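Residue numbers (my numbering), protein chains in the order written: chain A, 29 to 368; chain B, 18 to 294.
Laid out in structure tokens, this is it:
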């Protein structure tokens, strides 16, 4: 499929048409003076000048809270009803390439052997329309984890900004191609001449070597290395990194309701919390904060790549931006890379 | 829509008081089709729900050779086990499973089997014991070493009495020093010590152990002293679980998800794991 052109002025028409069809249009917009991925209804709600939204868009594939069953309890027994979901088409406009790359990671976790249809049905209905980055901040490190500010991984459609208020449109997946064809009045033929805005220059952190980190983590002896306790000493266990992270997938399942009826709910949870692994007996395999921090780092650079052949870290930098104690994952990456 | 979080409904058919705060439920699937089709292997586990309180993970304590029902044994401790304790015969419970791997019982044909359990660690081992006893001719000598803190804390007292009557089983029971009663006829001492005294031969033998982490640690050392190789020793690991299907992210020991790649491991496999217990 030949590349197309999307003029910014046509975005309004796209939003109107999609809304008319009952679809959801997610885009970067302001919320409490921060740029977030959230549904928009009008084009002027969209923020075009942004680096990266404060949240990842995983909440549109894997909601922060989701009811999986409902029950009522009465004398004769329990009525149990499984929840069926029929998600609406959800277009995620203005995704960043790092966030798009995280979709494959979530898909892997929610589908090894047992298939989580809550996740799958949402992902099936999501169209990821990524805009390549022309700006980055000091927390961005995609190039250190072998991605780029214009990498296509995980996007259905990749947009690159031109210098005259438009995007060059590349449909990457079948889903993306169908979407572009469906709106052929909005996606117009690519002009013969155009100039693209330069892609952001994200510097590779020289001291951080992902290959070396992965090798070092494979050695179970290094699990006992005193650097873990030293590096993670300042972590206060707030879990903010996990909620902001696009690949963090941990959740809890709880019952809520009255004594007679209620719901079974899947909620985001965090491996940084002490109760996360606490046994009823009082035993806790990850009883101190550094062990929980080590687990998260292992998840990113050992479990995800080895178990799920996917990326645990996409270099979005959110965990660095939200950390209240400036525990910078790239500093730990450098430290681990320096280990003999 | 296939909903992996939706449990089967079961009826509590019977409740046995095993020890203070320890109960065994006998559960029957309400749906006849599920009841007929349900199958599991010894060592597998499930998530049991008390609706309104949530789910908790226990092994299936009955043997797959006994059809038509499953059993679970649990100690009252947290919110879910507390709510389960409040349920009575005829009440409804949820069950999801069976999940996880199992003890390779079929590979043990002709072997001598040594069971070593402590306290509430007997339920998973008991599934294997009955599995072996129900096909007794497939195995050589069977030895059971079981101990608890006190006489009251021994679980499956009826079955212990039954096993002690069987001539083709060697049952050694023990309680921790101070836990004995005036009429206690078993041993007094910790399980690893009693195991060493019992001294089962490692020749053509398989050992299966479950109990508190500290007991397992010393049982493994005792077995090594007795000449068992770590490939001959099996254990079942437990960790907190919410999903049981490899997604919620909390039961992992390093890179190993207990719910999917476990809970049954040889001691050799446990030795190769990240120290995340």
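Using N, Cα and C, we set each Cβ at its ideal position, and we do this for glycine too.
All values derive from a computational prediction rather than experimental measurement.
{"Check": "Beta-ladder partner(s) of residue 92/A, from DSSP", "Outcome": "Looking at the DSSP assignment, residue 92/A forms no beta bridge with any residue, so it has no partner."}
{"Check": "Cβ contact (3+ pairs, closer than 8 angstroms) linking the region 108-116 of chain B and the region 33-40 of chain B", "Outcome": "no"}
{"Check": "Contact under 8 angstroms by Cβ, residue 96/A with residue 174/A", "Outcome": "no"}
{"Check": "Interface residues of chain A facing residue 277/B [CB-CB closer than 7 angstroms]", "Outcome": "141"}
{"Check": "Cross-chain neighbours of residue 264/B in chain A, by beta carbon under 8 angstroms", "Outcome": "137, 138, 142, 144, 277 and 279"}
{"Check": "Candidates 39/A, 141/A, 275/A and 261/A, of which the one nearest residue 72/A by Cα", "Outcome": "39/A"}
{"Check": "Any 3 or more C-beta pairs closer than 8 angstroms across the region 261-274 of chain A and the region 336-351 of chain A", "Outcome": "yes"}
{"Check": "Three CB pairs or more closer than 8 angstroms across the region 313-330 of chain A and the region 114-130 of chain A", "Outcome": "no"}
{"Check": "Contact under 8 angstroms by Cβ, residue 335/A with residue 94/A", "Outcome": "no"}
{"Check": "Span of the alpha helix (DSSP H) around residue 136/A", "Outcome": "131-137"}
{"Check": "Per-residue DSSP class, three states only, for residue 285/B", "Outcome": "helix"}
{"Check": "Residues that residue 254/A contacts on chain B, provided the C-beta gap is smaller than 8 angstroms", "Outcome": "Result: empty, since nearest Cβ-Cβ is about 14 angstroms, beyond 8 angstroms."}
{"Check": "Where residue 232/B sits in the DSSP three-state scheme", "Outcome": "helix"}
{"Check": "Range covered by the beta strand (DSSP E) that runs through residue 190/B", "Outcome": "186-192"}
{"Check": "Three-state secondary structure assigned by DSSP to residue 146/B", "Outcome": "helix"}
{"Check": "6 angstroms Cβ shell around residue 64/B - same chain, five flanking residues per side excluded", "Outcome": "72, 74, 113 and 261"}
{"Check": "Distance between beta carbons of residue 52/A and residue 67/A, contact taken as under 8 angstroms", "Outcome": "5 angstroms"}
{"Check": "Given residue 252/B as reference, the closest of 237/B, 91/B and 265/B once Cα atoms are compared", "Outcome": "237/B"}
{"Check": "Inter-residue Cα distance where the pair is residue 82/B and residue 257/B", "Outcome": "28 angstroms"}
{"Check": "Contacts that residue 294/A makes with chain B (C-beta to C-beta distance below 8 angstroms)", "Outcome": "22"}
{"Check": "Host alpha helix (DSSP H) of residue 348/A (start-end)", "Outcome": "346-350"}
{"Check": "Segments assigned alpha helix (DSSP H), at least 4 residues, entirely inside the region 156-219 of chain B", "Outcome": "174-182 and 208-215"}
{"Check": "CA-to-CA distance, residue 32/B to residue 186/B, given in whole angstroms", "Outcome": "27 angstroms"}
{"Check": "For residue 110/A: DSSP bridge partner residues", "Outcome": "97/A"}
{"Check": "Beta-bridge partners of residue 242/B, as assigned by DSSP", "Outcome": "None; residue 242/B has no bridge partner."}
{"Check": "Distance CB(residue 162/B)-CB(residue 189/B) smaller than 8 angstroms", "Outcome": "yes"}
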